[in-house]
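K.L.:
Take this structure first; my questions come after.
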Amino acid sequence: MLNKLSRKSGYKFVLSIGDEGAILTVLKGNMLDKRVFINAPSSQDLIKIVSSEPKAPIYVLVDVLDQVFVQHSFPPVSKLNLSKLIRRKLERDFQKVDITETLSLGRDKTGRKDWNYLFVSVRNAPPFSDWISAIAELPNRLAGIYLLSLESQFFLEDIIKKSGIETQQRRSRWQFLVSHNRVGGFRQVVFRDGKPMFTRIAQPIGGLSPDVIAGNIEQETLNTVEYVRRLGYNDNEGLDIFIIASQQVKTALENHSITCSNLVCLTPYEIAKQLNLENGAEEADRFGDVVAACHFAMAKKHSIKLQTPYTKKLHILDSSRIALRGLATFTSLGLLAASGYYFFSTQDTSSEIDRLRRGRTEAEEKLSKIMRFEGEFENDWEKVNAVSTFYTSIKNHNTAPLEFIKQLSGLQGFNLRVTNIGLSYVTDQKKRNTILKGGSKNNPDGTIPPLMEVSVKAELEHPTNSTIEQVLEEVDVFSMDIKRKFRNYDVSISGLPSDKSVSVDLEHSGTKRTTRLDLRFVGPKPEDSK
């Protein structure tokens, strides 16, 4: 599909977006033409390069930190009822500002034969939303928004086929793909039975030398192995790990301490050669972004396409324009055919020729009205978009404490016990403006809805046999998860344990260990003040 859509100009663009910038990969036919690092959505390089080929579609690969994977199982109901259950689950578990989609993981083969789905969420906020806004201003058609983590499924499948693991021995049930990317960091994707289960991203710590990078990759991989044991992984099922990094990092990883069934470390250049991605990488390349973008552009199938509310409207508008142009072309061809038929049938009758001329004039007037309607169509959508934006901004002002408690009780995956909740409202206007760093753009006089200040005392319980490292990792995951769930609040957490204090913060109580945490939430904040 991707190749068919871009044949008119011969070019196609893939923009890989991360928290550290973006890389624009330009392909002509099936060959990499150029790759350019773009440091900001307003970059003139982006505008100049993409606008030079206005007929070429642009595809977006998202590699930002703010994405969530959650697995859910549903009872064996009909597909119609299943769709309703999925829709209700999306509305209840995710915020409206989130971009959400679902990916089917198949059905259980035993027991009730439940439906299994992966819920995917991306926060429609900077830097991601700034890039999408910039792309929407370009003349090129936005062909789709895709997650690099999900598209890695097909990338890894092709790498496995070329690695020879399947022909040498039994393929493991679990696979890890670890890629050192320029715009994101260390992107890790976990697969079970070929289906994506979990993804996380980490930044390099301690420097950029090959030995330091290799140490970071090794440690992050070991941490992920321990985490996925909670998802059901055990050593008997086998684990294949694939790492994409520079030649220097690959050499440094030769003396690794990772325990797995198979470990394959490849450079971007080696992958480009194995997968026949012409000019897809150079020997000195250190990052996997470009070779992944080239594979995505050449792939025959993709995972799920994401859409923001604004890109949905753009898609409808583009479809309408194509339909109008097709109607205009069909009308013109019909007129030419009719004119030819009647001309040869009545070439000796001048009155009939005059009648055909009048009919052609009327048809041309109708065609002109259609073309004028096409020109006016975009303005109507701009009005709809303005009304929709205004409605969203006023609807998000909600300070009901029950919504907060409902959101807090929806946390999953942690053995958390709340012992005390304190609630107060920030009524002082000056203090509210200080919290919101200047107040809300939608309220030029500084008048904003009241803010809640919620203090929560909670206990995070761990198994008695938990090691210090496991406790620290679980508390770290909990802190990241709760801040992600409460993005529209200012969240502060005290009582977090460290390597030195963990023995004091943990209390033995029968069959459990407890970490006491004090959490403070202030919000919710209007969308334009986040």
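What the sequence shown shows, in the numbering used here, is residues 15 to 544, in sequence order.
Every residue, glycine too, gets a C-beta built ideally from N, C-alpha and C.
Determine the burial state of Glu171: buried for a count of at least 16 other Cβ atoms within 10 Å of its Cβ, exposed for fewer.
P.N.:
Glu171 comes out exposed.
K.L.:
For my contact list, Val197 and Gly35 are in at a C-beta cut-off of 8 Å; report their separation, rounded to the angstrom.
P.N.:
Indeed, because the Cβ distance is near 5 Å, the residues count as touching under 8 Å.
K.L.:
Would Ala70 and Tyr25 qualify as a contact pair, given that the criterion is a beta-carbon distance under 8 Å?
P.N.:
Against a cut-off of 8 Å, the Cβ pair of Tyr25 and Ala70 comes out as a contact.
K.L.:
Since Ser9 contacts Ile507 with CB under 8 Å, what's their CB separation in whole angstroms?
P.N.:
In this structure the chain extends from 15 to 544, so residue 9 is not present and cannot be described.
K.L.:
Cα separation between Ala266 and Thr281?
P.N.:
Cα-Cα distance, rounded: 13 Å.
K.L.:
Look at the alpha carbon of Gly340 and the alpha carbon of Ser65, and state the distance between them as a whole number of angstroms.
P.N.:
Interpretation of Gly340 is limited by its pLDDT of 46, a score under 50 that renders its predicted location unreliable; the figure taken from the coordinates is listed afterwards. Going from the Cα of Gly340 to the Cα of Ser65 covers about 24 Å.
K.L.:
Among Ala286, Val82 and Val50, which one has its Cα closest to the Cα of Glu115?
P.N.:
Nearest option by C-alpha distance: Val82.
K.L.:
Taking the C-alpha atoms as reference points, what is the distance between Val485 and Val239?
P.N.:
Looking at the two C-alpha atoms, the distance is approximately 15 Å.
K.L.:
Going by other Cβ atoms of all chains shown within 10 Å of its Cβ, with 16 needed for buried, is Leu531 buried or exposed?
P.N.:
That one is buried.
K.L.:
Taking the runs of the beta strand (DSSP E) that are 3 residues or longer, which of them lie wholly in the region 124-166?
P.N.:
The qualifying runs are 129-137 and 156-161.
K.L.:
Which residue from Ala148, Asp254, Glu165 and Gly199 puts its Cα closest to that of Leu79?
P.N.:
Cα-wise, what sits closest to Leu79 is Gly199.
K.L.:
For the beta strand (DSSP E) holding His86, just list the boundary residues, first then last.
P.N.:
Where His86 is concerned, the enclosing beta strand (DSSP E) stretches over Gln81 to Phe88.
K.L.:
Can the beta-carbon of Glu487 be found closer than 8 Å to that of Asn237?
P.N.:
In this structure, Asn237 lies closer than 8 Å to Glu487 by Cβ.
K.L.:
Which one or two residues does DSSP pair with Lys42 in a beta bridge?
P.N.:
DSSP lists Tyr25 and Met45 as partners of Lys42.
K.L.:
Answer yes or no: do Leu474 and Phe428 have a C-beta to C-beta separation smaller than 8 Å?
P.N.:
A contact, by the Cβ cut-off of 8 Å.
K.L.:
With 16 as the cutoff for other CB atoms within 10 Å, does Phe478 come out buried or exposed?
P.N.:
According to the sequence provided, residue 478 is Thr. The question's Phe does not apply to it. With fewer than 16 Cβ atoms within 10 Å of its Cβ, Thr478 is classed as exposed.
K.L.:
Do you know how far the Cα of Phe310 is from the Cα of Phe27?
P.N.:
The straight-line gap from Cα to Cα measures roughly 11 Å.
K.L.:
Do Val304 and Gly294 count as a contact pair if the criterion is CB distance below 8 Å?
P.N.:
Cβ atoms of Gly294 and Val304: closer than 8 Å.
K.L.:
Can you confirm whether the region 220-237 touches the region 284-293 when touching is taken to mean that 3 or more C-beta pairs between the two stretches lie within less than 8 Å?
P.N.:
No: fewer than three Cβ pairs fall under 8 Å.
K.L.:
Whose C-beta lies closer than 7 Å to the C-beta of Val489 among residues of the same chain, with five residues either side of it excluded?
P.N.:
So the qualifying residues of the chain are Leu474, Leu510, Pro511 and Thr529.
K.L.:
If distances are taken between C-alpha atoms only, which option among Leu156, Lys175 and Ile257 comes closest to Val203?
P.N.:
Among Leu156, Lys175 and Ile257, the Cα nearest to that of Val203 is on Ile257.
K.L.:
Please report how far the alpha carbon of Tyr73 lies from the alpha carbon of Asp299, in whole angstroms.
P.N.:
The alpha-carbon atoms of Tyr73 and Asp299 are separated by roughly 23 Å.
K.L.:
Could you check what DSSP says for Phe301 in three-state terms: helix, strand or coil?
P.N.:
Coil at Phe301, not helix or strand.
K.L.:
Pro89 and Asp128 look like a contact to me (Cβ under 8 Å); what is the Cβ gap, rounded to whole Å?
P.N.:
About 6 Å separates the two Cβ atoms, so the contact holds.
K.L.:
Could you spell out the range, first to last residue, of the alpha helix (DSSP H) harbouring Ala216?
P.N.:
Counting along the chain, Ala216 falls outside any alpha helix (DSSP H), though it belongs to the beta strand (DSSP E) covering Lys209 to Ala216.
K.L.:
So what does DSSP say about Ala377, is it helix, strand or coil?
P.N.:
Correct three-state label for Ala377: helix.
K.L.:
Using a Cβ-Cβ cutoff of less than 8 Å, which residues in the same chain neighbour Gly537 once the five nearest sequence positions on both sides are dropped?
P.N.:
Excluding positions up to five away in sequence, the list reads Leu465, Met466, Phe500, Asn502, Tyr503 and Asp504.
K.L.:
On the DSSP letters alone, give me the boundaries of the beta strand (DSSP E) that Pro477 sits inside.
P.N.:
Segment Leu465 to Pro477, the beta strand (DSSP E) holding Pro477.
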